[in-house]
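First the structure, in the form of structure tokens, and then the observations on it.
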Amino acid sequence: MAVFSSSSSSSSSSSSSSSSTSNLLLLLLVSSLDWLSTRGSVFVMDHMTSSAPVGPHFTECISREQETFRCWWSPGGFHNLSFPGALRVFYLKKDSPNSEWKECPEYSHLKRECFFDVNHTSVWIPYCMQLRGQNNVTYLDEDYCFTVENIVRPDPPVSLNWTLLNISPSGLSYDVMVNWEPPPSADVGAGWMRIEYEIQYTERNTTNWEALEMQPHTQQTIYGLQIGKEYEVHIRCRMQAFVKFGEFSDSVFIQVTEIPSQDSNFPFKLALIFGVLGILILILLIGISQQPRLMMILLPPVPAPKIKGIDPELLKKGKLDELNFILSGGGMGGLSTYAPDFYQDEPWVEFIEVDAEDADAAEKEENQGSDTQRLLDPPQPVSHHMNTGCANAVSFPDDDSGRASCYDPDLHDQDTLMLMATLLPGQPEDGEDSFDVVERAPVIERSERPLVQTQTGGPQTWLNTDFYAQVSNVMPSGGVVLSPGQQLRFQESTSAAEDEAQKKGKGSEDSEEKTQKELQFQLLVVDPEGSGYTTESNARQISTPPNTPMPGSGYQTIHPQPVETKPAATAENNQSPYILPDSPQSQFFAPVADYTVVQEVDSQHSLLLNPPPRQSPPPCLPHHPTKALAAMPVGYVTPDLLGNLSP
Amino acid sequence: SWSLFFLVSVVWVVLVCLLFCSRLLSVGAAPICTNAQAGCHALSLANLFDRVIQHSARMHGISNDLHSEFEQYFLPSKNQIGRVSRNCHTSTIFTPNGKENAQRMARQELTEVILKLLVAWRDPLWHFHQSIAHHHDFNNFSANKALEMSDMVHELRKGVEKVAEKMQMMGIISNSVSSLASPEALLPSDSAEWRLMKDYDLLYCFRRDSNKVQNYLKILKCRIVPEHGC
């Protein structure tokens, strides 16, 4: 009836939709009232039934396993019907069009229950129940009808138990796996019933049950239970896709107390704390003490280009021109020890110190190793063949810059031997030689190259020239003329010229001494074999027997063979001193050619720039094979020297 | 260089196509094998049963939802169970009404019953969906469910047919041609009876029948292949 009323109201509302909104509202109000009235009537009726004497009625019919079912009734307010047998149950099973009412197959008057066993139970078939009195009076206006599958309430699951899954790392919560068995009455195995389960849990002695999601399996995990609290868990089930739940099972209590597992964590935490504290204290101590050694060890300075005496800014910015200028001695400081100290605030900066003497030696070595020097190497007494160059010599790769010099280690000894040999025959330069030998021997040992070195002036003056320069002439004073243009060379040459004049003029020992003294400061190395450069002064020296011993400072010239005094030995000895074509007097003015013509290379791998004068043979080297000298050089010969050269 | 690029891309596309086509062919070439040849991807009977049972469970769930929705629209009578005066059009189909009856029934018969039920509901559900969709009282949600329900009946029938085929192949049930070849013959004679029924009654009947189908399938499965899930 409520349905009809609602439908009528809806139709009326639809028909009057075109009319005014007030009518519509009124109708809506009426329909809602109607709806409410029906609801209210239900409520009222309930109220009435509760208040007024209610007739006998069925309380509930339940099936536990979809195979049997029971119905319970109550006499209601009719207490005169409460005695057993006053009310009878009749049912109608609508499995055929002409079915009839039957009485309850099995009574249980104590419980006021009617039990339908398997034979009387049919699923999917509507049943209608009736309560009748003694005199076939039916007490219900409407039958209580149902189908069995809709009244199924399964029994609660059995064997509910739990196992601890894990405890959280914080030790405050844990997870629990709950499992159970399906109710034994429900035939799940045959597939007759498909059950889904619902677990509910709560803290003990509270009633806010928390329900987990329903699922058909017989186990479930409860997450996030707290340690120390006691929980109550129970379970119920129902048929899938149906509404009615069964009863709850008996509760199971879960409680997990705190496990004393702090022993494993405790030392770890303590160790961590101590470690962190220790590191902090160490850092503080280091910061406070500020010891430079410690700072150096712990925080080593970042290497940066640092050359003593040169402003680091130049190095950083890469100003090569200025650097060149400074390094070549243009500035005030240069690389001397009394250069301005740019690194005062960095006491731990260490520079590679280069000694003055060692510097000489280093330079000497460098000069020995330079290509020009190598070109002018003294002939090495390797063998008797000529022009072999460096082929037969073992190329001994040096450890600096990989330049392989044609050095035969055996020659090392031979050099010394030759030196000794040159010194032996009582040459005037014995003293010098001895000094030289003394000085040179270590040098030889140090370097593997024959000692051919030139230097202009002292170390100062040497620095004032370019790194690489061709020696074009050797001054009688001992100065070496490099490429033209250098002022210092001018000075040197002037002084040399003066000396020359002095020498020429006086020819006394004093002058020689002077020159010799001057020579002291010069690095003049002449190959013991006599194929290196020799200065004019040397030549003159050789001509005049010098009696003054050469002081040991610096290098001295060694010229085992007098140039002019023994011309006859020239032919015997190929130790021919080379004389630069330029005269020492005039050479410093005239631009000297950087490269002179090499006339030939003799057997000792020495370059003959000019044919040696016949009158300057090395007499003290008898084992040196004589060599026929080449013809006169063409060009590059000044007229002054021409006289000297002419045989 | 452009021609080369084009050529390379064409070759690549061809290769990819070959790869995919081979995959598709491999999948398509392995339907449920009738003779269990080697190389066929044959589903086991247990798997087939699981699928149809899942399907029927879902179908029953939808019918249950729709039924309870309808109960909200059409206010229930005092009696929570509702009216029982309706007579479902499938009542003429003999169906076992209890567990023992269902278990006692022959497998072939049970399969036939299931198929009969499914066939009987194909048309009524389609019309139900149509009426729901055009009725402005119902929202789209109900209409979609009705459509899904009618599709499911269709699919479930095909699935059960496949199961029956497999069972016949395995010799579990005998080869009776009539039940499978022309399922339309299974329809009750007065098939138009359902047109007289109201929507709510249709739903009620279908809910009942879907529960039957689900139960019968489960019983069949646990009888024939009781490995797991029983």
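Sequences listed follow chains W and Y, in order. Read left to right, the first sequence gives residues 13 to 659 (the working numbering). Read left to right, the second sequence gives residues 1046 to 1275 (the working numbering). Virtual Cβ for every residue (Gly too), placed ideally from N, Cα, C.
Quick check on residue i: does DSSP put it in helix, strand or coil?
i: W/Ser-340; result: coil
i: W/Gly-236; result: strand
i: W/Ala-223; result: strand
i: W/Lys-241; result: coil
i: W/Trp-113; result: strand
i: W/Arg-248; result: strand
i: W/Asp-445; result: Because W/Asp-445 sits at a pLDDT of 43, beneath the cut-off of 50, its placement in the model cannot be relied upon, and the following sentence gives the value as read from the coordinates. Helix, per DSSP.
i: W/Thr-663; result: Since the first and last residues shown for chain W are 13 and 659, residue 663 of chain W lies out of range.
i: W/Ser-263; result: coil
i: W/Ser-489; result: coil
i: W/Gln-146; result: coil
i: W/Asn-173; result: strand
i: W/Met-141; result: strand
i: W/Gln-482; result: coil
i: Y/Cys-1066; result: helix
i: Y/His-1273; result: coil
i: W/Val-268; result: coil
i: W/Ile-120; result: Note that residue 120 of chain W corresponds to Ser in the displayed sequence, not to Ile. W/Ser-120: strand per DSSP, three-state reduction.
i: W/Ile-74; result: strand
i: Y/Tyr-1261; result: helix
i: W/Lys-281; result: helix
i: W/Tyr-151; result: coil
i: W/Glu-79; result: coil
i: W/His-69; result: strand
i: W/Arg-165; result: coil
i: W/Leu-311; result: coil
i: W/Phe-286; result: helix
i: Y/Phe-1094; result: helix
i: Y/Lys-1266; result: helix
i: W/Val-255; result: coil
Do residue j and residue i count as a contact pair if the criterion is CB distance below 8 Å?
i: W/Val-245; j: W/Ile-211; result: yes
i: W/Lys-256; j: W/Arg-250; result: yes
i: Y/Leu-1163; j: Y/Val-1208; result: no
i: Y/Asn-1109; j: W/Ala-253; result: yes
i: Y/Gln-1153; j: W/Ala-202; result: no
i: W/Leu-176; j: W/Leu-143; result: no
i: W/Phe-5; j: W/Pro-117; result: Because chain W here runs from 13 to 659, residue 5 of chain W falls outside it and cannot be looked at.
i: Y/Met-1194; j: Y/Ile-1138; result: no
i: W/Val-188; j: W/Ile-266; result: yes
i: Y/Ala-1091; j: Y/Val-1270; result: yes
i: W/Leu-172; j: W/Val-264; result: yes
i: W/Leu-104; j: W/Cys-140; result: yes
i: W/Thr-159; j: W/Phe-81; result: no
i: W/Val-483; j: W/Leu-494; result: yes
Return the Cβ separation of residue i and residue j in integer angstroms, given the expectation that the two are a contact with Cβ distance under 8 Å.
i: W/Glu-115; j: W/Val-101; result: 7 Å
i: W/Val-135; j: W/Glu-161; result: 5 Å
i: Y/Leu-1265; j: Y/Phe-1115; result: Actually they do not touch by this definition, with Cβ atoms about 30 Å apart.
i: Y/Lys-1158; j: Y/Tyr-1245; result: Sequence inspection shows Val at residue 1158 of chain Y; the Lys mentioned does not correspond to that position. Not really, about 25 Å apart at Cβ, beyond 8 Å.
i: W/Trp-84; j: W/Glu-112; result: Actually they do not touch by this definition, with Cβ atoms about 24 Å apart.
i: W/Pro-68; j: W/Pro-96; result: That belief does not hold up - the Cβ atoms of W/Pro-68 and W/Pro-96 are roughly 13 Å apart, past 8 Å.
i: Y/Lys-1144; j: W/Glu-215; result: The Cβ separation is near 41 Å, so there is no contact.
i: Y/Leu-1093; j: Y/Lys-1243; result: The Cβ separation is near 36 Å, so there is no contact.
i: Y/Leu-1160; j: Y/Arg-1202; result: 7 Å
i: Y/Ala-1188; j: Y/Ile-1177; result: 5 Å
i: W/Glu-193; j: W/Thr-230; result: 7 Å
i: W/Tyr-209; j: W/Phe-70; result: No, W/Tyr-209 and W/Phe-70 are not in contact; Cβ-Cβ is about 29 Å, not under 8 Å.
i: Y/Leu-1192; j: Y/His-1174; result: 5 Å
Contact list for the segment 1256-1268 of chain Y against chain C, Cβ threshold 9 Å: Reference to chain C is not applicable here, since the protein chains of this structure are W and Y.
Three or more C-beta pairs below 8 Å linking the segment 165-175 of chain W and the segment 142-157 of chain W: no
Within the segment 1128-1212 of chain Y, ranges of the alpha helix (DSSP H) (whole runs, at least 4 residues): 1144-1149, 1152-1165 and 1167-1179
In chain order, each beta strand (DSSP E) run of at least 3 residues that lies wholly inside the segment 176-214 of chain W: 185-193
Sufficient close CB pairs (3 or more, under 8 Å) joining the segment 1131-1145 of chain Y to the segment 1250-1259 of chain Y: yes
The segment 227-245 of chain W in contact with the segment 285-301 of chain W per 3-pair CB rule at 8 Å: no
Residue ranges of each alpha helix (DSSP H) within the segment 1096-1123 of chain Y, 4 or longer: none
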